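Heads up: the sequence shown begins at 894 in my numbering, then just goes up one per residue.
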Amino acid sequence: MLNKALLASLAGASLVAAHGHVDYVIIDGVKYQGYDVTSFPYQANPPRVIGWSATNTDNGFVSPDAFGTPDIICHRGAKPAQGHASVKAGSKVNLHWNPVWPESHQGPVIDYMAACNGPCETVDKSQLKWFKIDGAGHDGTTWAADALVANGNSWLVQIPADLKPGNYVLRHEIIALHGGANINGAQSYPQCFNLEVTGSGSNLPAGVPATSFYTPTDPGILFSLYTTPLRYPVPGPALIPGAVSSIQQSSSVATSTGTATPPGGAQPTPPMPTVIFPTTTTTPAVTVRPTTLQTTTTAAPPQITTFLPAPGGTQSKWGQCGGSGYTGPTACAAGSSCSVLNPYYAQCV
Ligand SMILES: [Cu+2]
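Now the structure itself:
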């Protein structure tokens, strides 16, 4: 027999089923796809996007009891995005949520950045030190999350105008407080994006690890939406000086679509050549100049990284003999012939 409390909790379950993720970002009129956590994890080759991957396929959240764990950095099981978008310091970035943010999920909207000190695509997320560029809570009338919904389900955040150029992760977050009156009832929804900031600024604010942002009993985490008068302390570290943080929102219009830039360049990286080595050799399988190639007698793969062209302008067996950008010999040593493996690599086999 169902009692009232159980019915209430079932109703509650259906109300909280809709959560969300950022499905796209607009930067200076260019729209970039985010990481679709509801479909990409099931795809063999999801597209390269600027949004970090995560494992919250339920569109769910990070609970306060995990605020001290790596899940709070960029959501559950997050890994760096495999591309980035360029943004001028001082530009505004519009983050669009999908599906429509639930009305019940009121709370603050907070944005942080962290320098990657190298490509963000390979950054160790535990090393990121975050500074807060935006933290909107309740302005006496409106919750930031309500302003987000009213703003076409999107949030506009300004990249600091004096920020030093370089690679950064932008961490955008809604904290839903509908359950915040109870311990472990708040819900954090962090979303991360790789940005290459351009400009001539020199400011690199100090930051802190995301695992130190919040504790379950912070006044802005353990908080009842129904407090009167409502004075809400936005949790986490202080805003950096000069930060532009406002509940007054406006949206951005996309006039074109951009794709994520892979680390190190504007062009897609050619696939790595597949070099086929003999893996176990007890006698030399290739005829080459002595001393340049080591032929192993163990089962370990040979540690061969460079094939030197054989004398006379012919390539030794297993060496490269063609491909885009290749300038070495194209003739193969006796007993082998040049085989095109892909547009970037041909090999003497
Ligand atoms: Cu929810």
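Idealized CB from N, CA, C, for every residue including glycine. Since the structure is predicted, the reported quantities are computational estimates derived from the model, not experimental observations.
Judged by DSSP in its simplified three-state form, Lys1018 adopts helix. Distance from Asp1004 to Leu1041 at the Cβ level is roughly 12 angstroms; contact not present, criterion being Cβ atoms closer than 8 angstroms.
The Cβ neighbour count for Val1146, taken over all protein chains shown within 10 Å, is under 16; the residue is labelled exposed.
With a 10 Å radius around the Cβ and a threshold of 16 neighbouring Cβ atoms, Asp929 comes out buried. Inter-residue distance for Gly976 and Thr1154 is about 5 angstroms (C-alpha atoms, whole angstroms).
The stretch 1134-1142 makes contact with the stretch 1021-1040, as at least three CB pairs between them are under 8 angstroms. Going by DSSP, Cys967 is part of the alpha helix (DSSP H) stretching over Asp964 to Cys967. In the three-state reduction of the DSSP assignment, Ser1209 falls in the coil class.
Residue His1071 holds the alpha-carbon nearest to the alpha-carbon of Gln999 among Val1090, Pro973, Ser984 and His1071.
Counting along the chain, the unbroken beta strand (DSSP E) around Ala1069 starts and ends at Gly1059 to Ala1069. Per the Cβ contact rule, the stretch 1122-1133 is in contact with the stretch 1097-1109 (3 or more Cβ pairs under 8 angstroms). The criterion of a C-beta distance shorter than 9 angstroms is not satisfied by Asn987 and Ile1052. Within the same chain, Gly913, His914 and Asp916 come within 7 angstroms of Asn991 by CB-CB distance, once the 5 residues on both sides are set aside. Residue environment for Ile1068: buried (at least 16 other C-beta atoms within 10 angstroms of its C-beta).
In summary, Asp951 is exposed, with fewer than 16 beta-carbon neighbours lying within 10 Å of its beta-carbon over all protein chains present. The stretch 941-1018 is shown to contain whole beta strand (DSSP E) runs of 3 or more residues at 978-981, 985-991 and 1002-1008, in chain order. Ile919 is bridged by DSSP to Lys924 and Asn987.
Boundaries of the beta strand (DSSP E) around Val1090: Gln1080 to Thr1091. The DSSP-derived three-state label of Thr1223 is coil.
Counting along the chain, Val1050 sits inside the beta strand (DSSP E) bounded by residues Ser1047 to Gln1051. Contact between the stretch 1075-1082 and the stretch 1015-1031 is absent: fewer than three C-beta pairs spanning the two stretches fall below 8 angstroms. A distance criterion of 8 angstroms places the beta-carbon of Pro1001 beyond contact range of ligand 1, judged by its closest non-hydrogen atom. Around the beta-carbon of Asn1060, 16 or more other beta-carbon atoms lie within 10 Å, marking it buried.
Between Trp994 and Ala974, the C-beta gap is not smaller than 9 angstroms, which leaves the two residues out of contact.
In this structure, the beta-carbon distance from Ser956 to Ser1093 does not fall below 9 angstroms. Ranking Arg941, Ala947, Gly1158 and Leu1118 by CA distance to the CA of Pro1001 puts Leu1118 first.
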